[in-house]
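Under this note's numbering, the first residue of the sequence shown carries the number 47, and numbering increases by one thereafter.
No residue lacks a Cβ here, since even glycine has one placed at the ideal position from N, Cα and C.
Bear in mind that the values here come from a model prediction, so they are computed numbers and not experimental data.
Here's the structure we're looking at; comments come further down.
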Amino acid sequence: MTDKYAVIGNPIDHSKSPQIHKMFAQQTGQDISYEAIEAPLEEGGFKDKVIQLRDKGYRGCNVTVPFKFEAFKLAAVLSERAQVAQAVNTLKFDGATILGDNTDGAGLVRDIQQNLKFSLQGRDILLLGAGGAAWGVSLPLLEAEANINIFNRTTDKAQQLSHGLQVFLKRDLYTRKGLKFGLPNFVNSYAELSSKQFDFVINATSAGLTGSEIPLPPTIFAPGALAYDMMYGRETPFMKFAREHGAQVADGLGMLVEQAAESFYIWRGIRPDTAPVIAVLRTAK
Ligand code: ATR
47 MTDKYAVIGN PIDHSKSPQI HKMFAQQTGQ DISYEAIEAP LEEGGFKDKV
97 IQLRDKGYRG CNVTVPFKFE AFKLAAVLSE RAQVAQAVNT LKFDGATILG
147 DNTDGAGLVR DIQQNLKFSL QGRDILLLGA GGAAWGVSLP LLEAEANINI
197 FNRTTDKAQQ LSHGLQVFLK RDLYTRKGLK FGLPNFVNSY AELSSKQFDF
247 VINATSAGLT GSEIPLPPTI FAPGALAYDM MYGRETPFMK FAREHGAQVA
297 DGLGMLVEQA AESFYIWRGI RPDTAPVIAV LRTAK
């Protein structure tokens with residue numbers, strides 16, 4: 047029998063997830079269907095939709111904008127990375143129980159390390175932004191043993207993210223996993239940024255959506271640095287700036303496919319080969 051999955055968002059027309067998961071299914075011989083479903087924006091609309099799918103026998107779903115926080119609240123059991131992110135992009139139905147996970151950070155780390163062949167271990171990262179996207183990727187970046195510095199237009203939010211991570215790490219990971227990384231820092235000001243260089247600058251802001259520039263010192267990129275924008279589809283002002291100042295540049299298409307692969311793995315226990323899927327999406331652009 048075909049196992050049913052879906053991605054839920056609003057709007058959802060633009061989603062590439064059905065195409066990606068269909069390619070994964072073909073490649074691995076898994077008998078699944080995967081569709082895009084729009085949930086109503088009004089209160090309770092998302093929850094009702096998820097319960098409906100679960101009760102119809104769906105096996106799980108991906109969750110995208112603007113429902114990742116609602117999915118976090120809905121899941122009865124949360125992975126550690128979803129707890130830190132306070133956001134869920136992958137739900138798995140285990141009987142009546144709803145399990146929640148967040149594969150965004152794992153997708154980012156895998157794209158950087160496996161596809162782009164950069165090691166994050168011991169490297170200095172500047173994470174731009176302190177919204178949902180930044181929270182979503184922060185624990186997997188730390189688990190890759192990178193040193194994270196957070197810079198945000200609204201400094202308070204960068205401080206909150208860095209503090210939230212520190213609390214979590216002190217409580218748990220440091221003692222349990224013995225990982226080697228510095229405690230996450232927040233960068234107070236543009237002036238402080240001017241005296242620093244980073245091996246990775248990761249744009250987790252939504253500035254690219256509106257084509258806005260993020261003011262950054264041109265000296266921010268260490269030699270051989272990678273500038274990674276979590277957006278895809280077109281060159282953002284951040285990517286242009288990085289290219290003009292000597293960094294290697296990547297967009298978020300690989301992350302999109304890798305987070306999908308991680309969801310597929312959670313549901314099916316099989317890790318698809320992402321390279322051909324990334325290649326298809328790149329040529330389709
Ligand atoms: P998301 O879930 O995509 O992270 P969000 O929670 O609304 O969305 O967060 C958006 C992030 O992008 C925030 O860090 C925001 O900065 P503020 O906290 O100062 O609002 C950042 N951002 C959005 N537009 C920006 C811009 N033009 N320049 C710099 N940062 C921007």
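Residue i classed as buried or exposed, judged by whether at least 16 other C-beta atoms fall within 10 angstroms
| i | result |
| --- | --- |
| M47 | exposed |
| Q98 | exposed |
| E304 | buried |
| I316 | exposed |
| D346 | Nothing can be reported for residue 346: it is not among the residues displayed for the chain, which extend from 47 to 331. |
| E116 | buried |
| H209 | exposed |
| A321 | exposed |
| G63 | In the sequence as displayed, the identity of residue 63 is Ser instead of Gly. Buried, since its Cβ has 16 or more Cβ neighbours within 10 Å. |
| T251 | buried |
| A296 | buried |
| H67 | buried |
| P318 | buried |
| L255 | exposed |
| A271 | buried |
| G141 | exposed |
| S61 | buried |
| A253 | buried |
| A85 | buried |
| G90 | exposed |
| K226 | exposed |
Residue i versus the options, residue with shortest Cα-Cα distance
| i | options | result |
| --- | --- | --- |
| A52 | G103, D202, A268, G90 | G103 |
| I196 | L174, H209, D202 | L174 |
| F232 | I171, P261, D157 | I171 |
| Q239 | R199, G270, F214, L229 | One point to set straight first is that residue 239 is Leu, not Gln, in the sequence displayed. The option with the nearest alpha carbon to L239 is R199. |
| M301 | I324, W313, V295 | I324 |
| V326 | Q65, K50, P57 | Q65 |
| T143 | G106, F227, I260 | G106 |
| Q76 | P57, I83, K93, D49 | D49 |
| G279 | G298, L272, P269, P261 | G298 |
| F70 | G292, W313, T329 | W313 |
| A176 | K68, L145, Q205 | Q205 |
| L187 | H209, D202, R156, N161 | R156 |
| E281 | G257, G90, A293 | G257 |
| A273 | L255, G292, E259 | G292 |
| L215 | L145, R127, Q72 | R127 |
| D245 | A253, K203, Q294 | Q294 |
| A179 | E290, M277, P86 | M277 |
| I158 | E290, V247, A330 | V247 |
| F41 | E81, L145, N56, T74 | Since the first and last residues shown for the chain are 47 and 331, residue 41 lies out of range. |
Distance between beta carbons of residue j and residue i, contact taken as under 8 Å
| i | j | result |
| --- | --- | --- |
| F113 | I54 | 6 Å |
| A131 | L185 | 7 Å |
| S125 | N148 | 7 Å |
| L154 | W181 | With 8 Å as the limit, L154 and W181 do not qualify as a contact, their Cβ atoms being about 13 Å apart. |
| Q212 | L229 | 5 Å |
| P332 | Y236 | Lying outside 47 to 331, the shown extent of the chain, residue 332 is not represented and no answer is given. |
| G151 | V111 | The Cβ separation is near 17 Å, so there is no contact. |
| I78 | I58 | Not quite, the Cβ-Cβ distance comes to about 18 Å (not below 8 Å), so this is no contact. |
| N234 | T201 | 6 Å |
Proximity test, Cβ basis, 8 Å: residue i and chain C
| i | result |
| --- | --- |
| F310 | Structure shown: chain C not included; a single protein chain is present. |
Heavy atom of ligand 3 within 7 Å of residue i beta-carbon
| i | result |
| --- | --- |
| N231 | In the structure shown, ligand 3 is absent; the only ligands present are ligand 1. |
(request) Using the beta-carbon of each residue, find all residues closer than 5 Å to any heavy atom of ligand 1 and list them in chain order. (result) G175, A176, G177, G178, A179, N198, R199, T200, K203, T251, S252, A253, S258, I260
(message) I'd like to know if the segment 154–172 and the segment 188–202 are in contact, where contact means that at least 3 CB-CB pairs between them fall below 8 Å.
(response) yes
(request) Take every Cβ of the segment 118–127, pair it with every Cβ of the segment 258–268, and state whether three or more of those distances are shorter than 8 Å. (result) no
(request) Examine the Cβ distances between the segment 81–101 and the segment 135–150 and report whether three or more of them are shorter than 8 Å. (result) yes
(message) With three or more beta-carbon pairs closer than 8 Å as the criterion, would you say the segment 283–290 touches the segment 306–316?
(response) no
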